[in-house]
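Worksheet: one structure, shown below.
Protein chains: 8
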Amino acid sequence: MSGIDALKFAELDTERKKRTGFPEVVFCQGKKDDFLKDIFAKLYAANGEVLGTRATAEQFEIVKSVIANAEYDEVSRIITARENEKKLVGNIAVCTAGTADIPVAEEAARTAEFFGSFVSRIYDVGVSGIHRLLSKTEILNKANCIIAIAGMEGALASVIGGLVSVPVIAVPTSVGYGASFEGLSALLTMINSCANGISVVNIDNGFGAGYVATQINFLAERGKTK
Amino acid sequence: MSGIDALKFAELDTERKKRTGFPEVVFCQGKKDDFLKDIFAKLYAANGEVLGTRATAEQFEIVKSVIANAEYDEVSRIITARENEKKLVGNIAVCTAGTADIPVAEEAARTAEFFGSFVSRIYDVGVSGIHRLLSKTEILNKANCIIAIAGMEGALASVIGGLVSVPVIAVPTSVGYGASFEGLSALLTMINSCANGISVVNIDNGFGAGYVATQINFLAERGKTK
Amino acid sequence: MSGIDALKFAELDTERKKRTGFPEVVFCQGKKDDFLKDIFAKLYAANGEVLGTRATAEQFEIVKSVIANAEYDEVSRIITARENEKKLVGNIAVCTAGTADIPVAEEAARTAEFFGSFVSRIYDVGVSGIHRLLSKTEILNKANCIIAIAGMEGALASVIGGLVSVPVIAVPTSVGYGASFEGLSALLTMINSCANGISVVNIDNGFGAGYVATQINFLAERGKTK
Amino acid sequence: MSGIDALKFAELDTERKKRTGFPEVVFCQGKKDDFLKDIFAKLYAANGEVLGTRATAEQFEIVKSVIANAEYDEVSRIITARENEKKLVGNIAVCTAGTADIPVAEEAARTAEFFGSFVSRIYDVGVSGIHRLLSKTEILNKANCIIAIAGMEGALASVIGGLVSVPVIAVPTSVGYGASFEGLSALLTMINSCANGISVVNIDNGFGAGYVATQINFLAERGKTK
Amino acid sequence: MSGIDALKFAELDTERKKRTGFPEVVFCQGKKDDFLKDIFAKLYAANGEVLGTRATAEQFEIVKSVIANAEYDEVSRIITARENEKKLVGNIAVCTAGTADIPVAEEAARTAEFFGSFVSRIYDVGVSGIHRLLSKTEILNKANCIIAIAGMEGALASVIGGLVSVPVIAVPTSVGYGASFEGLSALLTMINSCANGISVVNIDNGFGAGYVATQINFLAERGKTK
Amino acid sequence: MSGIDALKFAELDTERKKRTGFPEVVFCQGKKDDFLKDIFAKLYAANGEVLGTRATAEQFEIVKSVIANAEYDEVSRIITARENEKKLVGNIAVCTAGTADIPVAEEAARTAEFFGSFVSRIYDVGVSGIHRLLSKTEILNKANCIIAIAGMEGALASVIGGLVSVPVIAVPTSVGYGASFEGLSALLTMINSCANGISVVNIDNGFGAGYVATQINFLAERGKTK
Amino acid sequence: MSGIDALKFAELDTERKKRTGFPEVVFCQGKKDDFLKDIFAKLYAANGEVLGTRATAEQFEIVKSVIANAEYDEVSRIITARENEKKLVGNIAVCTAGTADIPVAEEAARTAEFFGSFVSRIYDVGVSGIHRLLSKTEILNKANCIIAIAGMEGALASVIGGLVSVPVIAVPTSVGYGASFEGLSALLTMINSCANGISVVNIDNGFGAGYVATQINFLAERGKTK
Amino acid sequence: MSGIDALKFAELDTERKKRTGFPEVVFCQGKKDDFLKDIFAKLYAANGEVLGTRATAEQFEIVKSVIANAEYDEVSRIITARENEKKLVGNIAVCTAGTADIPVAEEAARTAEFFGSFVSRIYDVGVSGIHRLLSKTEILNKANCIIAIAGMEGALASVIGGLVSVPVIAVPTSVGYGASFEGLSALLTMINSCANGISVVNIDNGFGAGYVATQINFLAERGKTK
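Protein chains in written order, with the numbering used here: chain P, 143 to 368; chain V, 143 to 368; chain C, 143 to 368; chain B, 143 to 368; chain H, 143 to 368; chain F, 143 to 368; chain A, 143 to 368; chain E, 143 to 368.
If you want it as structure tokens, here you go:
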């Protein structure tokens with residue numbers, strides 16, 4: 143980025159952790175290299191941990207040059223770095239309809255784990271083979287919150303919603319073709335769910351689902367502590 | 143209708159039964175009274191039976207004035223008249239997600255019955271209480287063809303598609319509110335179904351589903367005979 | 143409803159309370175009178191309490207004829223009946239952008255109260271006069287969950303999301319005109335929120351928000367108990 | 143795919159053939175190489191035959207390395223492998239409006255042939271030169287089911303629907319430009335068809351059409367046997 | 143209309159006939175009574191003839207009070223008044239897919255006749271019974287211009303476009319339901335027509351089609367004379 | 143409004159005039175009678191003047207019962223009340239494409255006049271008779287700001303934008319039918335204008351345009367004074 | 143294209159010239175090389191002239207290898223070949239709003255010239271500088287038909303429609319960005335034009351406009367001769 | 143550009159500066175090299191200054207070859223050249239929600255500066271951390287006009303609108319993913335803003351905002367001078 147120093151305009155929200163209980167997270171997509179290096183360094187220094195989403199392998203190399211113990215997961219495209227281990231508490235179930243939804247699921251799961259939630263993965267249990275999902279009912283019922291991830295017709299959330307007593311965070315994905323319109327079909331399905339207890343985040347927004355699910359998981363484990 | 147005689151422009155398709163195996167059907171909605179009276183009389187005279195869809199109670203009274211044994215069903219808004227009883231053959235299962243979808247289901251069921259198909263009704267088995275549907279698996283598996291009718295998120299067709307070996311005709315309904323956009327959400331869900339064996343007709347088009355299902359039911363019972 | 147007995151097709155989900163922790167609720171809109179009478183009577187007999195949403199004053203009279211102590215709220219269009227008082231626990235903050243959003247807010251608030259949640263109402267605090275919302279920060283921070291309700295541009299959820307540490311359930315409303323497209327604009331705004339911790343329910347779906355918020359409120363107060 | 147083993151999450155639906163009469167099929171698009179190799183090998187071992195759709199030439203090379211007798215068709219982008227020859231029964235007519243629709247048509251035709259249906263190809267008979275289609279009426283009338291494939295304005299299905307007595311499966315294609323909106327125009331045309339006997343699958347979903355048509359073709363040839 | 147005199151703001155385009163060859167026409171829908179009375183009177187005085195479209199029977203009574211020889215057609219909702227007979231020249235064929243499209247067709251036909259074109263009406267020749275249209279080929283081929291009017295899937299224009307050598311003006315209608323989206327489906331079909339020689343006017347715009355067709359008809363009969 | 147006192151939730155923004163230079167305005171549409179009475183009374187008491195938009199004649203009677211000198215304009219549906227006369231300064235030109243756009247134009251004009259701007263009305267100068275607009279060029283060039291109001295294809299703003307040196311506020315209206323989609327077409331036209339100096343407000347938002355235009359008019363007359 | 147011989151399925155419409163007065167034209171986009179070579183050769187042999195649209199420079203080289211005197215225009219992406227010179231008759235005015243619309247305009251102009259029409263080019267006369275268009279009024283008034291080409295807000299057609307007495311064929315282009323939605327904005331503008339005499343073809347469909355304009359131009363020059 | 147000389151069709155609007163007070167600006171995107179060179183040279187010669195938007199670095203090299211003192215800014219992609227320094231007057235505040243919106247903001251800011259406005263940059267003050275924006279209230283209140291730039295949910299404009307007394311020009315950006323639909327979500331948010339004083343330009347149209355803001359800024363500083 144030449145001609146203007148974008149960094150000087152970035153208003154780092156250092157009060158965020160105090161206000162919301164969560165540190166600021168870096169959405170890496172489209173960020174310039176210099177900016178990325180700086181912001182990761184600053185956040186890591188401030189919080190002793192940092193999370194970046196939608197990162198390319200190239201961006202990870204840049205981050206690694208300033209944070210030696212940074213790690214990268216290719217599937218979820220998440221960068222994490224942490225000074226000290228964190229104990230995982232509670233239980234969030236992350237479910238997908240198909241294997242193509244796994245990248246979004248891993249973004250959700252690893253986000254939740256980064257923030258300190260324990261995660262159960264239940265993948266490839268779409269409604270066209272309903273027995274696969276039903277065989278997991280017991281595992282589902284152990285969770286404090288469930289993330290239901292599906293593209294195409296996005297029916298997974300409704301079926302899960304009818305099986306459990308806890309909130310279901312639905313994530314439409316852009317998996318599909320033709321009239322899936324890049325996830326719009328799944329988004330509409332989920333927003334119109336006839337099941338109760340379902341709320342929806344943006345298309346492919348695994349991070350957002352992991353964040354909300356962790357808020358709920360922490361409330362269930364610790365109650366409202368702030 | 144004054145100033146122009148619409149009836150003289152109606153091109154009655156008297157060859158249709160020979161060409162397609164099915165007599166012409168009257169879509170009553172918006173039809174003028176005189177036109178309705180005439181067209182019902184002509185089709186009944188030609189075929190000894192007649193089917194009208196989307197009819198109001200007022201329109202039924204008009205039809206009854208020319209065809210004494212005409213019958214009307216308030217739920218499906220269907221008018222039928224028939225000289226001789228017809229034996230019902232085969233088996234079509236008509237399923238709905240909720241009770242609000244029943245008018246569309248009855249349009250489908252009664253259309254299929256009018257043409258000579260036996261119909262099994264399986265209503266209010268939406269996916270948010272999946273056990274209700276699963277308890278009907280045996281009945282579903284006796285059908286030659288299944289009609290799956292649902293509004294809101296429209297996920298019923300996908301779940302049924304995964305349970306059976308016969309074609310599923312999916313009918314989105316305009317049941318719902320907000321982002322259901324008058325049935326668009328259910329239509330997209332069904333068109334994007336991850337299950338195989340599903341094809342879709344227009345929103346609220348119970349008649350169309352009953353027609354296709356009968357074509358399939360007859361093929362299964364009689365083979366291709368034409 | 144003549145010609146077919148819709149009631150015999152209604153598959154009452156008597157196991158729902160056991161499975162999900164919540165009794166079945168009646169969506170009154172478009173329901174026939176006889177059906178309404180029966181289903182309210184059956185659910186009240188089974189659970190000792192019953193909730194109906196989107197009811198007209200006429201429908202309330204019908205329900206009252208079978209459940210003498212039923213009550214109706216004109217703003218939220220909610221019917222409730224209950225044998226014994228219920229203690230309200232926890233804290234859910236229900237916020238609206240304008241006064242026109244209050245009917246949806248009351249549907250959310252009264253749903254949450256019916257299920258047993260304590261509710262704080264914070265109305266008419268839209269973002270175009272941001273000081274109104276900021277003056278309520280302390281109250282907001284006492285809640286286990288926040289419901290943010292807004293039509294038109296729907297920006298309320300994002301601002302609240304940045305102020306608190308608990309989940310925000312966003313409800314777009316159909317309040318507005320022109321390019322609000324019956325709530326689509328607010329829905330898109332909320333789904334695209336740049337703030338974390340926000341998930342979204344259908345347009346005008348106050349009931350859905352009250353349900354999810356209660357699930358979260360109970361988890362925060364009681365932990366996962368099932 | 144690093145960091146997570148997607149394969150271990152794939153829930154192979156080994157009961158599918160028993161439940162639906164058809165083996166599981168591989169949608170190759172976007173599948174990782176290792177996963178592709180494994181899933182093809184497993185399905186071929188289990189069923190003695192395997193079908194893959196939306197495959198690239200590169201993916202075929204990978205499949206060939208584990209299944210020596212696998213074959214690839216560039217037009218339809220279909221991979222097939224089979225231990226024993228299969229006798230083709232019945233008759234499905236696959237029709238296209240233009241030559242640009244042929245890839246989708248071949249996906250439909252080869253899917254139907256893989257499952258055991260005999261296929262008649264009738265290509266480039268779009269409605270702007272209606273005599274081309276009319277000259278094929280005799281061939282159309284020999285089929286148990288017809289697949290009508292068209293992009294742009296998608297009118298082919300309606301015209302065919304008026305000529306025959308068997309079900310027409312309509313496939314909108316993304317062929318076109320401008321206001322065809324990647325197939326949306328053809329999809330809407332087909333869903334709104336004024337002809338009877340038409341049901342619709344997703345844009346470019348040749349596989350889905352071939353699957354449904356085979357279900358119907360088998361019912362016509364064998365009746366309901368399950 | 144109180145508080146402001148709308149009439150004083152209406153900029154009557156008295157030069158229009160000189161500039162475009164056609165007098166100004168009154169779109170009656172939503173016009174206030176006083177304004178209607180005035181504008182009809184002024185235009186009739188100026189041109190010795192006047193045409194009003196989208197008029198109600200009530201509006202006609204108002205016009206009749208100032209122009210005694212005004213006539214009204216209920217089907218097309220057109221008001222006309224004329225001092226002297228006009229000889230009709232050339233030939234425009236106005237075709238509809240169904241009988242429900244006739245009101246739009248009559249708006250087109252009577253507009254063309256008002257301006258001086260001879261019109262051939264060919265109604266109810268939709269593509270689902272293609273023989274009906276084909277039997278009119280000879281009549282179609284006598285026209286200087288063809289107007290093709292259809293709702294639902296709107297395929298009529300494409301088939302006609304392939305049969306004739308003259309321009310086809312396509313008019314989508316709002317006839318249909320569900321995914322016809324008030325004529326959007328037919329509009330997209332017609333804009334994407336694979337046939338040549340087709341151009342499209344607004345949904346239900348019979349007047350617009352009659353106007354363009356007359357321009358073409360006059361060019362064919364008289365050549366460019368201005 | 144029973145069951146809840148909406149008034150107690152209305153957060154009157156008494157600081158607004160100090161903050162923004164303009165008093166709070168009442169959007170009357172859908173407001174309950176009691177609420178209307180109270181809010182008009184309070185705002186009139188506080189500011190010595192009050193403006194209400196989108197009011198019915200019935201609502202005006204209610205307002206009049208508490209503010210004796212309130213006035214109502216049927217065309218714009220605006221209620222105004224004022225203790226002392228206000229001198230009108232500067233010059234805003236309000237232009238419409240057709241006479242059907244006048245109600246929106248009057249909402250804009252009367253809003254601007256209420257706040258203290260002088261307004262020039264230039265109505266029915268749509269682009270299909272371009273000479274009408276060109277003949278007003280001199281008047282246009284005297285304005286500090288221009289409001290361009292049009293439905294249907296909404297081209298007026300672009301043409302005006304090319305003729306003047308001052309900002310043009312474009313207001314799409316819902317005037318039109320068919321593919322005008324309730325003003326969406328005009329909105330898109332104006333947002334995509336190839337002319338410079340154009341910015342757009344919501345469909346039919348005459349009030350919004352009058353407000354912005356007044357802000358600009360005051361800046362031009364008084365400079366930035368706050 | 144391997145595995146299937148697409149060519150054998152192409153149904154060359156050799157009767158088209160007799161039926162419609164125009165020879166078949168090749169839409170080159172996406173056509174395979176072998177197919178292109180064959181179809182150009184066959185059509186040239188049959189008609190002594192051939193027109194190809196949407197061709198790449200590479201495709202031209204292929205065509206040139208079989209038709210030595212083929213010519214290519216880079217701007218319009220049109221290939222033409224012709225045995226004998228053709229006299230150009232009549233007059234079609236092709237107008238564009240901006241210079242970016244010229245490729246579509248040249249497709250229209252060269253199509254019209256290929257078929258035998260004389261063309262006047264009037265480019266870069268968009269409505270934001272209305273004097274540019276007005277200065278061409280005399281040239282416009284010499285044409286038998288006008289093609290108005292514009293992207294972005296597409297207002298050009300309406301202004302021209304108000305200036306002339308002959309039909310205006312409007313072509314929306316995909317020129318623009320943001321809310322132009324690839325030409326949808328211009329399409330809606332043109333379909334909703336308040337001017338009379340305007341009909342619309344698909345986005346970027348210069349060929350279609352050139353074809354219709356030629357039909358009209360020939361009618362004006364020769365009358366209806368078939 | 144071969145075959146046709148686009149340059150000869152470009153109608154340079156040499157009167158524009160006189161008519162609108164601003165010289166013609168070059169939208170570089172998609173312009174051919176030769177055309178670019180010529181048009182920059184001509185405009186620079188005529189006006190002694192020239193502004194180009196949406197330019198690539200390659201295009202800048204071409205411009206530099208004819209205007210030696212041309213300058214390029216990579217962030218805004220703006221080319222400027224000027225013979226004499228210009229004094230910047232007044233005050234426009236350019237605000238962004240995030241750092242990803244800065245390229246659009248710089249296009250707006252540099253456009254305003256080129257025309258002679260003084261600009262205050264206030265970046266990364268999105269509503270999810272509302273204190274960041276509130277801390278700038280004093281700076282905001284010094285401006286004659288504010289440009290509010292945001293993608294995703296686009297709520298920034300509404301909050302600013304409630305804080306200030308001057309016009310806010312809102313610019314939606316295509317920043318976001320999923321249901322942001324390339325900026326449509328932010329556009330709808332801004333058009334539906336509940337705050338007063340907001341008008342909207344096209345998605346990513348920084349130039350347009352800078353232009354309007356300068357018109358307003360000059361009116362505030364100089365009054366209406368023309």
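Beta carbons: idealized from backbone N, C-alpha and C, even for Gly.
C-beta neighbour in chain A for Gly325/E, strict 7 Å:
Gly325/E counts as touching chain A.
Using the rule of at least 16 other Cβ atoms within 10 Å of the residue's Cβ for burial, across every protein chain shown, is Gly320/P buried or exposed?
Around the beta-carbon of Gly320/P, 16 or more other beta-carbon atoms lie within 10 Å, marking it buried.
So with CB distances below 9 Å, who are the chain P contacts of Lys173/C?
Those within 9 Å of Lys173/C in chain P number zero; the least Cβ separation is about 15 Å.
Using only the alpha-carbon positions, how far apart do Ser262/A and Ser322/B sit?
Distance between the alpha carbons of Ser262/A and Ser322/B: 30 Å.
Name the chain A residues that come within less than 7 Å of Ala297/B, Cβ to Cβ?
Correct list: empty, because the minimum Cβ distance to chain A is about 15 Å.
Sort Ile289/E, Ile264/E, Ile272/E by Cα distance to Thr253/E and report the nearest one.
Of the listed residues, the one whose Cα sits closest to Thr253/E is Ile289/E.
Measure the CB-CB distance between Gly296/A and Pro314/A and report whether it falls below 7 Å.
In contact: Gly296/A and Pro314/A (Cβ atoms closer than 7 Å).
Do Val231/P and Glu363/P have their beta-carbon atoms positioned less than 7 Å apart in this structure?
Taking C-beta atoms as the reference points, Glu363/P and Val231/P count as a pair closer than 7 Å.
Going by other Cβ atoms of all chains shown within 10 Å of its Cβ, with 16 needed for buried, is Thr238/C buried or exposed?
It counts as buried.
Beta-carbon of Ile272/P versus every beta-carbon of chain V: anything under 7 Å?
Yes, Ile272/P counts as interfacial toward chain V.
Select from the segment 325-345 of chain E all residues with a C-beta closer than 8 Å to any C-beta belonging to chain A, and list them in chain order.
For the segment 325-345 of chain E, which is checked against every Cβ of chain A, the residues closer than 8 Å are Gly325, Leu326, Leu329, Asn344, Ile345.
Using a beta-carbon distance below 7 Å, is Lys160/H in contact with chain F?
At a cut-off of 7 Å between beta carbons, Lys160/H makes no contact with chain F.
Asn283/E and Asn359/E: beta carbons closer than 7 Å?
Going by C-beta atoms, Asn283/E is not nearer than 7 Å to Asn359/E.
Beta carbon proximity, Ser307/H to chain A, threshold 7 Å
Chain A contact via Cβ: present.
Considering only residues of the same chain and omitting the five flanking positions on each side of Phe169/V, which have a CB-CB separation below 7 Å?
Excluding sequence neighbours, Phe169/V sits near Thr195, Arg196.
Name the chain P residues that come within less than 7 Å of Asn347/B, Cβ to Cβ?
Proximity of chain P to Asn347/B at the Cβ level (cut-off 7 Å) is accounted for by Gly320, in chain order.
Runs of alpha helix (DSSP H) lying entirely within the segment 276-326 of chain V, each at least 4 residues, in chain order:
Runs of alpha helix (DSSP H) with 4 or more residues, each lying fully within the segment 276-326 of chain V, are found at 279-282, 298-303, listed in chain order.
Mind checking Ala210/P: buried by the 16 CB within 10 Å criterion, or exposed?
By the neighbour-count rule (16 or more Cβ atoms within 10 Å), Ala210/P is not buried but exposed.
By the 10 Å Cβ neighbour count, where 16 or more other Cβ atoms means buried, how is Lys229/P classified, buried or exposed?
With fewer than 16 other beta carbons inside 10 angstroms of its own, Lys229/P counts as exposed.
Among the candidates Tyr186/A, Ala351/A, Phe260/A, whose CA atom is the shortest distance from the CA of Arg224/A?
It is Tyr186/A whose Cα lies nearest to the Cα of Arg224/A.
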